[in-house]
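These notes concern the structure reproduced below.
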Amino acid sequence: MAATRIESAPTFSSGWRRGRGPLAVLPPLLFHDRRPWLAILIGWVLTIVGSMLISYVVAYLVPNNPGPDLGDASAPVKLFLIAGFSPVVETLIMAGILAVLLRFLAGWQAVIASAAIWGVLHSLASPLWGAVIWWPFLIFSTLYVTWRPHGFWKAVGIVAAVHVLQNLFPAILIVMGY
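Going by the working numbering, the sequence shown opens with residue 1, and the numbers climb by one from there.
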């Protein structure tokens, strides 16, 4: 008779030992650190759907709100800056901010603080931009805390991949003139 192996439910990443606080409302798979490809897929779906919904609400409440001024660079340069360079640089800076925050705060508190910081920073470029940007950075920061116990570069790589995917669709729309 063959032995039956019952696998227990996957546990949360050790980055969440001190609890998830209000982040517990997010999908549990966001806190699991077993499959990088799944983390990237779930992270991207959450960021793009969430930011599109928030963008729609902001546009409805504040019509004719100017977006950020991205200058007059050529289309390929804009595409590279928005979908390539910025996500990687911002992810590295976010990792540094979270490293400091995690010294003083629980993971969920650091994630919320990081998202708020990025919302404020993006609001400097366009006042209502931060109202949308905090959401993707909440997901980016959550993924970083989830994957950081596996190494800095693994966490940065996963988050940067989600960030690139998040920025790619808007970058294409901007380059096409929408």
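Ideal Cβ placement from N, Cα and C applies to all residues, glycine included.
- With fewer than 16 other CB atoms across the displayed protein chains lying within 10 angstroms of its CB, Ser14 is exposed.
- Comparing C-alpha distances from Tyr144 to each of Leu30, Asn64 and Val45 shows the shortest one belongs to Leu30.
- Approximately 4 Å separates the beta-carbon atoms of Ile82 and Ala171; this is inside 8 Å, confirming the contact.
- In the structure shown, Met176 falls within a coil segment according to DSSP collapsed to helix, strand and coil.
- In the three-state reduction of the DSSP assignment, Pro36 falls in the helix class, which pools H, G and I.
- The residues Thr91, Leu92, Ala95 and Tyr144, in chain order, have a CB closer than 8 Å to that of Val156 in the same chain once the five nearest residues on each side in sequence are set aside.
- In the structure shown, Phe12 falls within a coil segment according to DSSP collapsed to helix, strand and coil.
- If you draw a straight line from the Cα of Ala59 to the Cα of Tyr178, it comes to about 15 Å.
- Looking only at Val132, Trp147 and His163, the smallest Cα-Cα distance to Tyr56 is reached by Val132.
- Secondary structure of Leu124 (DSSP, three-state): coil.
- The alpha-carbon separation between Leu70 and Ser86 amounts to approximately 12 Å.
- Between Trp135 and Ser74 a beta carbon distance of about 30 Å is seen, past the 8 Å cut, so the two are scored as non-contacting.
- Counting along the chain, no alpha helix (DSSP H) covers Leu105, and no H or E run does either.
- Counting only the Cα atoms, Leu102 lies some 11 Å from Ser141.
- Selection Leu128, Gly107 and Leu46 evaluated against Pro27 yields Leu46 as nearest (Cα-Cα).
- At a Cβ-Cβ threshold of 8 Å, Leu53 and Trp108 do not count as neighbours.
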